[in-house]
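The C-terminal residue of the sequence shown carries number 654 in full-length UniProt numbering, and the numbering is unbroken. Beta carbons: idealized from backbone N, C-alpha and C, even for Gly. Reviewing the structure listed below.
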Amino acid sequence: MSTPNGFPQHSRVCLTRSVEGGAVQDLQAKKAGKAAKKEPGGDGTPPKIGTPISETLKILPEELKVNMKIKSITPRPPRKPRLERAASLDEKSWRKWRRFRTSQESLTDPNETSSSNGSLQEASPSPPTRGRASPCNPCCQQDSLHSSPDALEASPGGKSRGSASDLGKRACEISSAFGGLLRGKGFAGGKPRLSQIMPARPLPPMELNVASHTLRTANRIDSDCLDYRHYSQHKFGRVSSSLSDSRLQGNGTLYDNCSTDSMKSTFSVLTPIRAKDVRSRSYLEGSLLASGALMGAEELSRYFPDRNMGIFVATWNMQGQKELPVNLDDFLLPTDPDFAQDMYVIGVQEGCPDRREWEIRLQETLGPHYVLLHSAAHGVLYMSVFIRRDLIWFCSEVEYATVTTRIVSQIKTKGALGISFTFFGTSFLFITSHFTSGDSKVNERKLDYNKTIQALTLPKNVPDTNPYRSSSSDVTTRFDEVFWFGDFNFRLNKDRETVDSILNQNPDTDVSKLLVYDQLTSEMSRGSIFKGFQEADIHFRPSYKFDIGKDSYDTTSKQRTPSYTDRVVFRSRYKDDIQAVKYSSCPVIKTSDHRPVFALFRVKVRPGRDNIPLAAGLFDRDLYLIGIRRRATRELLRRREQKDQRSSSICSIS
1 MSTPNGFPQH SRVCLTRSVE GGAVQDLQAK KAGKAAKKEP GGDGTPPKIG
51 TPISETLKIL PEELKVNMKI KSITPRPPRK PRLERAASLD EKSWRKWRRF
101 RTSQESLTDP NETSSSNGSL QEASPSPPTR GRASPCNPCC QQDSLHSSPD
151 ALEASPGGKS RGSASDLGKR ACEISSAFGG LLRGKGFAGG KPRLSQIMPA
201 RPLPPMELNV ASHTLRTANR IDSDCLDYRH YSQHKFGRVS SSLSDSRLQG
251 NGTLYDNCST DSMKSTFSVL TPIRAKDVRS RSYLEGSLLA SGALMGAEEL
301 SRYFPDRNMG IFVATWNMQG QKELPVNLDD FLLPTDPDFA QDMYVIGVQE
351 GCPDRREWEI RLQETLGPHY VLLHSAAHGV LYMSVFIRRD LIWFCSEVEY
401 ATVTTRIVSQ IKTKGALGIS FTFFGTSFLF ITSHFTSGDS KVNERKLDYN
451 KTIQALTLPK NVPDTNPYRS SSSDVTTRFD EVFWFGDFNF RLNKDRETVD
501 SILNQNPDTD VSKLLVYDQL TSEMSRGSIF KGFQEADIHF RPSYKFDIGK
551 DSYDTTSKQR TPSYTDRVVF RSRYKDDIQA VKYSSCPVIK TSDHRPVFAL
601 FRVKVRPGRD NIPLAAGLFD RDLYLIGIRR RATRELLRRR EQKDQRSSSI
651 CSIS
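What follows is the structure in structure tokens.
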């Protein structure tokens, strides 16, 4: 771009007209403008941006050089702006941008400290790129970095003859130069700036997967369905606009993908399934890693990402009492673990006469999240297996068998009851037993054990998961995970006075001195019973024999010695598959001379094949409906009682 006189706009020099020239100089200037267009510097184009002054003067006519006086230019450092003067429009806009920038940083960085008295923070040397757009082009910004206040003072001729774009470019240069001064060290004598607060060390990377391990049954999208979201968003345009997303985005609230995905998992109902996946029938029935297999690895990882499930195992000798405890919450749902377990297995010896009522009470306590997978009985031996309702589809058919250890087989007070099934690819065996009683009948109890492992005919139709490690003479070797619990009737080989003195010395949980006299511990250490089994450490008081309804041990004339008759032991085909989490008793239930004993376990689960007899979601539907109805009725009665108590309160004035 060139001025009307033909001078390039970029290379301005301060020209002073000679007083002697007069009107002749005006005429010569016009001729010089025409000659400059025809001057070969090649093709009459104006000099490039950044051409030195000496080269610019070469293109001027000789007549103009004689009548012009060149004013020398000496570069000087930029002058400091005076703080007492009124702020210009550019300065005001920069301050407004800086306040907006500071407010954004204080919102996004919780560790950033802001000042309320107008103190400035250290600004970055780069020009502002957020908050408001710069009114000039990048070329103008680049030129303004090399400008100085003296260089910004143009000649009067340049000001009068400049076009509108020239004025806008000049204003941009002034604004950029002044902004550079404010971002620099110009305020050396002003208020001290606060340096930007940075963390002492790099922040740890945030884990994207915030889903708790306990929410194992939360819906997770399969690996082959990961593109469903993008497909649906393109096709339908509504999948990603969930309730949580719309509220967050509509209010302009800062949010991250991690928290949004967590909220989505709460509102999601079912994992989307594509039609082509439903049509696909390519998987093999007996394959472990087949796509779409019910018992396969994909389905197992969906429900158990860490491939570990929680199992609650309990035993209780009810002493044949008709009266059941008012509340079973402390027994089935202890407060120590934060979450309920995936499976509940309860074995009862000398059970109550009404077995159905006992099962209804169990269903009522566990609530609608659990269903009765199977229950069996052998005389007064009961066993009930409850499982989360989401998991009933991954169980095989449930099988059970019984063994009578009495000489007369019609008397079924002593014996064993076993229930077995396969969950995914892991086979389970649960045995509850009631061995021979008596302080000195250790050998009879060992005979009961040997008869049980030989006579218990399991499994029947469900195939063994590892037949090469099985034995026909021991039922416990034919399953991956085995839990054996019941009233084993092993006693303490010590008199009552000595046991009472030890219990009085250690009223809390130190029972190591008592276990020295425990018959079962000594027999297991010799390998004469429960071969290959383990037992968690005992930190509770003996579970037998109490006065009914009291916390005191036997005060009758027999003065029976307190003992650990009720036990839970376990074994596994694979090392460290079973981890004991808790082993304790429930002292608040006092309707029997035995206290219930329970144990919590973490059990490793492996994928399986679909070529086994499946239960296909079978459970006791009638029991489920009765238990839920009882639970709702109990809650309504409780609320009504609370309402009546509040309405019948009497205020007495003294």
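Annotation: the continuous alpha helix (DSSP H) that includes residue 303 extends over 297-303. Going by DSSP, residue 504 is part of the alpha helix (DSSP H) stretching over 496-505. Straight through space, the alpha carbons of residue 417 and residue 380 are spaced by roughly 10 Å. By the neighbour-count criterion, in which 16 or more other beta carbons inside 10 Å mark a residue as buried, residue 489 falls on the buried side.
At a Cβ-Cβ threshold of 9 Å, residue 314 and residue 485 count as neighbours. Linking residue 322 to residue 415 through their CA atoms gives a straight-line distance of about 22 Å. In this structure, residue 627 sits away from residue 349, with a CB-CB distance that is not shorter than 9 Å.
Residue 632: member of the alpha helix (DSSP H) spanning 621-647, first to last residue.
Closest in C-alpha terms to residue 616, from the list 390, 495, 394, comes 394. The Cβ atoms of residue 419 and residue 399 sit closer than 9 Å to each other.
The C-beta distance from residue 562 to residue 499 rounds to 6 Å, short enough to fall under 8 Å.
In this structure, the alpha-carbon of residue 329 lies about 6 Å from that of residue 365. The residues 309, 310, 388, in chain order, have a CB closer than 6 Å to that of residue 342 in the same chain once the five nearest residues on each side in sequence are set aside. Looking only at 76, 608, 93, the smallest Cα-Cα distance to residue 396 is reached by 608.
Distance check between residue 515 and each of 533, 539, 527 places 539 closest, using alpha-carbon atoms only.
DSSP places residue 469 in the helix class (H, G or I) of the three-state scheme.
For residue 423, the enclosing beta strand (DSSP E) starts and ends at 415-423. With a cut-off of 8 Å on Cβ pairs, the segment 569-577 is not in contact with the segment 541-558, counting fewer than three such pairs. For residue 347, the number of other beta carbons within 10 angstroms of its own is at least 16, and it is reported as buried.
When the Cα atoms are used, residue 480 and residue 470 turn out to be separated by approximately 10 Å. In this structure the segment 445-462 does not lie against the segment 366-376, because fewer than three pairs of beta carbons, one per stretch, are closer than 8 Å.
For residue 362, the secondary structure class from DSSP, reduced to helix, strand or coil, is helix. Annotation for residue 496: 559, 561 place their beta carbon closer than 6 Å to its own, counting only its chain and skipping 5 residues before and after. Put simply, of 277, 382, 384, 392 the residue whose alpha carbon is nearest the alpha carbon of residue 300 is 392. Taking C-alpha positions only, residue 356 is separated from residue 276 by approximately 46 Å. Residue 309 is bridged by DSSP to 603.
When DSSP states are grouped into helix, strand and coil, residue 474 belongs to the strand group. Residue state for residue 319 is assigned as coil, using DSSP reduced to three classes. When the alpha-carbon of residue 447 is set against those of 436, 456, 440, the nearest one is in 436.
Under the 10 Å beta carbon count, residue 336 is surrounded by fewer than 16 other beta carbons and is classified as exposed. Put simply, the backbone Cα of residue 271 is about 14 Å away from that of residue 298. When DSSP states are grouped into helix, strand and coil, residue 531 belongs to the coil group. For residue 388, the three-state secondary structure derived from DSSP is strand. As a beta-bridge residue in DSSP terms, residue 399 pairs with 420. A Cβ-Cβ contact shorter than 9 Å links residue 566 with residue 487. Excluding five sequence positions before and after residue 545, the CB atoms of its chain that fall closer than 6 Å to its own CB belong to 554, 560, 593, given in chain order.
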